[in-house]
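Colleague:
Chains as they are written, first to last, in this note's numbering: chain A, 1 to 160; chain B, 1 to 238; chain C, 1 to 621.
(1) Which residue wins for smallest C-alpha separation from residue 27 of chain A, given the options A/52, A/145, A/39, A/139?
(2) Identify the continuous alpha helix (DSSP H) that holds residue 578 of chain C and give its terminal residues.
(3) For residue 221 of chain C, which residues from the same chain have a beta carbon less than 6 Å from its beta carbon, with the 5 sequence-adjacent residues on both sides left out?
(4) State the start and end residues of the unbroken alpha helix (DSSP H) segment that holds residue 465 of chain C.
(5) Considering only C-alpha positions, which residue in the set C/433, C/289, C/283, C/526 is nearest to residue 513 of chain C?
(6) Please report how far the alpha carbon of residue 24 of chain C lies from the alpha carbon of residue 3 of chain A, in whole angstroms.
(7) Quick test of your reading: residue 50 of chain A and residue 162 of chain B, contact by CB under 8 Å. State the CB separation rounded to the nearest angstrom.
(8) Can you list the alpha helix (DSSP H) stretches of 4 or more residues lying completely in the region 57–124 of chain B, in chain order?
(9) Determine the burial state of residue 122 of chain C: buried for a count of at least 16 other Cβ atoms within 10 Å of its Cβ, exposed for fewer.
(10) Can you give, in chain order, each stretch of the alpha helix (DSSP H) that sits fully within the region 86–117 of chain A and has at least 4 residues?
(11) Within its chain, find whatever has a CB closer than 8 Å to the CB of residue 48 of chain A; leave out the 5 residues flanking it on each side and keep chain order.
(12) In the DSSP assignment, what are the bridge partners of residue 166 of chain B?
(13) Quick one: which chain C residues come within Cβ less than 8 Å of residue 61 of chain A?
(14) Spatial neighbours of residue 194 of chain C within its chain, please: CB distance less than 7 Å, with the 5 preceding and 5 following residues excluded, ordered by chain position.
(15) In the DSSP output, which residue or residues are listed as bridge partners for residue 37 of chain C?
(16) What residues from chain A crowd round residue 220 of chain C, counting only those whose CB sits closer than 7 Å?
(17) Kindly indicate if chain B contains any beta-carbon less than 8 Å away from that of residue 49 of chain A.
(18) Verify the CB distance criterion: does residue 25 of chain A have a CB-CB separation below 8 Å to chain C?
(19) With burial defined as no fewer than 16 other Cβ atoms inside 10 Å of the residue's Cβ, what is the status of residue 190 of chain B: buried or exposed?
(20) With distance defined between alpha-carbon atoms, name the residue in C/564, C/71, C/460, C/287 nearest to residue 10 of chain C.
(21) In this structure, how does DSSP classify residue 292 of chain C when only helix, strand and coil are distinguished?
(22) Residues of chain B with CB under 8 Å from residue 55 of chain A, in chain order?
(23) Indicate whether at least one CB of chain E lies closer than 8 Å to the CB of residue 83 of chain A.
(24) For residue 180 of chain B and residue 134 of chain B, which I take to be in contact (beta-carbon distance under 8 Å), what is that distance rounded to the nearest angstrom?
(25) Say whether chain A places a C-beta atom closer than 8 Å to the C-beta of residue 666 of chain C.
(26) Buried or exposed, going by whether 16 or more other CB atoms sit within 10 Å of the CB of residue 193 of chain B?
(27) Can you confirm whether residue 200 of chain C, when its beta carbon is compared against all beta carbons of chain B, has any partner nearer than 8 Å?
(28) Would you call the region 54–68 of chain C in contact with the region 285–304 of chain C, where contact means no fewer than 3 C-beta pairs closer than 8 Å?
(29) Starting from the beta carbon of residue 474 of chain C, find every residue of chain B whose beta carbon is closer than 9 Å, and list them in chain order.
(30) Taking contact to mean 3 or more Cβ pairs, one atom from each stretch, closer than 8 Å, check whether the region 458–475 of chain C and the region 146–155 of chain B are in contact.
(31) Hey, how far is the Cα of residue 24 of chain B from the Cα of residue 47 of chain B?
(32) If contact is defined by three or more beta carbon pairs under 8 Å, each pair taking one atom from either stretch, is the region 223–241 of chain C in contact with the region 25–45 of chain C?
(33) Using a Cβ-Cβ cutoff of less than 6 Å, which residues in the same chain neighbour residue 531 of chain C once the five nearest sequence positions on both sides are dropped?
(34) What are the residues of the region 60–81 of chain C that lie near chain A, defined by any Cβ-Cβ distance shorter than 7 Å?
(35) Find the residues of chain C that neighbour residue 73 of chain B, judging by a C-beta separation of less than 7 Å, and give them in chain order.
(36) Name the DSSP bridge partner or partners of residue 137 of chain B?
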């Protein structure tokens, strides 16, 4: 576990009560999850009790304690997306990829997350795949969404 | 010397230091307001919502409101009732919810009898924690150890150690286990159907007719209840 | 940008900036907020910059990239000023035509104009588009005039003049009086009188005072605050500065939810620029008023929109609300008096000072003054950010501005106030948008989410959706919310899966009362609202689910089945090809095997003659 970047993240922070959240958000952005070793080091350096750090990591949805898959699919489940049938789309993803929200597929390819509103309601139902927004998603379009990943990677995927 | 204020709790005049907890003042005066997450010596959470009282606005203006007596600060002229129809109804429903979560806890069974829960209208679960937060607060505030805490959100919320490993700050004092209401010996009676068993039925009837009746609950035994203390003194029990 | 050491210096700069802007003969305004970018505005911008990088165009055409302008359905929107032409849904490949025809020859590209669905006519000017006609766009129209990352735009448009006036001529108490007189009420949902809150904060005893902007905007389906913060961050900063001066604060925070990365970025840039110019920091505009602002990103928790939870989060803790017998205005962040207001509330402050409280109070109803931005979404044609005067009716918003139903099905209800609000049926659409009117009807104004619901939505499933949302977002501390909402969700799940009983309906109502009255915080207290309002206005749907095991909207999977109408089927085989489960059998007739069918609906969407439909399912009671 390469924790060399941790020093840079923690340096100069600690005077403001909110700094612990900023540090954890930066760790999440750098490592794409919160490694236990990193959190232990942060607890020591910043003087925040480990149980508090652990609580923060588990309370906020922005944080994950497990490494993510190579691709992140985020399905918006906000109200506007819900009335335009996002649950049907989510069900199709769950069935097709055999994965539940918050988890990663067996082969480590996809992590599925849900979010409770991205604020892009005119495009409902909205899905973000690897940072790119896809609009008006329906179960029928799932195939081409997964196919887009195949094209990017230049290789076939088991699921698509 | 903290300033004493005068309040009315369930019709009785109670005097207590300004800013102190209405629940503690009531208990010390021998007025039973059922409670679960309350514990002397640690800050009040207001989490279980069992100690709800209805605050009656004095000037005659405004509506009444339900709030937890443990977090309510004593002030001059405060008028509350723990046994108004609203307070009794809310409390009964809350304890019914608790009983459906943890039907095998003696402490909660006692509470159920005390507040008059006769039937449980939900499928029973069998949790061994109702998140009263006593263990967490005692570890944090009394021992200053900060070794365990509430982890997760919503129905995932549970008491845990950091990374599920006992940290070096844990003093192994066992106080967390001692103060847990779930470790009180369970009731010996049968518990299968979603209803209170016959042993408690008569007490339930009493509770329905006289909402503030005392059932000598297990929770009161160790925790500040004035009636238990009086009973203890009378019988010479320490 | 120079450092300004007095209000006079600001004025001088303003005049210079206005003069510089008058110089450009042609201005192109491209909306590029989060929605715009998701619709491809960045590619349009790249194409535009490339095409304009020619000697004849480079110095005569100015491109202003703005935030969201509200007409989200038609993004990316490109406005050509001074010809006053609005092009909709622009793509990179349209740029060539726009530049050669419109910019160089002054001709309009007809096919890119907005088409009025009712008349079929093409509309040229933004102001003539029916969507905008009934709006009162006091706040959202400002987004048109500013590039959020260019403080010069904001100042040229009159920005920071209210602050300068306040610092020059107003005592703090006078500022509070102006806000009181305006009748402004909190735009975050509760509608608490803003002036009163400022007064309480000023009078609360404490060593330090804090001013906080609540940009957590967790209501799903609501994004008004995103539109304002992303598109015009200086407007909010100016409001906060005025508030800080009024209550005597030196430190402020903008708490933004982390799902709004563009808003976070733009606010940070704006703060840097303001600091550079002496509009934030010590001795603002050369006076002895000092105030600075920090940005704090939320961690992804709806409950952090609640005042005590937000402040706990700001203190680096989990966002667990505390009992609010003493309000945060007296004991808030670090136990000090804290003034917390919503983004839109802050955004209203500068205009109230500049144009006077009477201007603000003249718009709206008796008790609800000014204008309000709504995020109109769901099954309506024109989704977007809509700003109307308080008192405008729901019908006007949904039909006149929103354009009516999107998919041709009848509109059934409108949901306002997010998960804390309620559903109002069509019969109540003549209600005015007003705090008290909506609350009496069983809903609430809320922060501005307005979701239109048509016949294809099952109201029981809809209520269940809100409960699931709140169950996930509950902090978990108190019993009524953590356990009670869960039990309510359990009952609704039984209803939707064909196991409901009338006894459960009674329990549901009792639970709703308990959760409403016994919960610790507003999340729990308002959680039963969607259930209570749907029970009030759509009880027939509940009874159908419970007594007849029937979902009238055809949504609850356990209560429906898909079937092929043989009379309409043309045997094209499309359904068989797209069915991911192999549930359709080809024979003399095409038949769906109910044992295999997962009710995903892909076949229904794919069937051209519309031969596939949902009927009552086979549920064994």
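C-beta: ideal position from N, C-alpha, C; glycine also. On a predicted model such as this, the values are computed, not experimentally measured, just so you know.
Modeller: Short version:
(1) A/39
(2) 574–578
(3) These residues qualify, in order along the chain: 377, 449, 451.
(4) 459–473
(5) C/526
(6) 52 Å
(7) That belief holds up - the Cβ atoms of residue 50 of chain A and residue 162 of chain B are roughly 4 Å apart, short of 8 Å.
(8) 85–101, 106–115
(9) exposed
(10) 86–97
(11) 20, 42
(12) In DSSP, residue 166 of chain B forms no bridge with anything.
(13) 299, 300, 301
(14) 179, 184, 185, 186, 341, 345
(15) For residue 37 of chain C, which the question treats as bridged, DSSP gives no partner whatsoever.
(16) Ordered by position in chain A, the residues that pass the 7 Å Cβ test against residue 220 of chain C are 78, 79, 116, 117.
(17) yes
(18) True, the Cβ-Cβ gap to chain C drops below 8 Å.
(19) Caution is warranted here: a pLDDT of 48 is assigned to residue 190 of chain B, below 50, making its placement in the model unreliable, and the coordinate value is therefore given only provisionally. Exposed, since its Cβ has fewer than 16 Cβ neighbours within 10 Å.
(20) C/287
(21) Strand at residue 292 of chain C.
(22) The CB of residue 55 of chain A comes closer than 8 Å to the CB of 149, 150, 151 in chain B, given here in chain order.
(23) Considering every chain present, this structure includes no chain E. Its protein chains are A, B and C.
(24) Here residue 180 of chain B really is in contact with residue 134 of chain B; their C-beta atoms are around 7 Å apart, less than 8 Å.
(25) Examination of residue 666 of chain C is not possible in this model, given that chain C is present from 1 through 621 alone.
(26) Note on residue 193 of chain B: pLDDT 49, under 50, position unreliable in the model; the coordinate value appears next. Residue 193 of chain B comes out exposed.
(27) no
(28) no
(29) In chain order: 153, 154, 155, 157.
(30) These segments touch.
(31) In a straight line, the C-alpha of residue 24 of chain B is about 16 Å away from that of residue 47 of chain B.
(32) Remark: three or more beta-carbon pairs, one from each stretch, lie closer than 8 Å, so the region 25–45 of chain C and the region 223–241 of chain C are flagged as touching.
(33) 463, 512
(34) Listed in chain order, the positions of the region 60–81 of chain C with a beta carbon within less than 7 Å of a beta carbon of chain A are 72, 73.
(35) 325
(36) BP columns for residue 137 of chain B are empty, so no partner.
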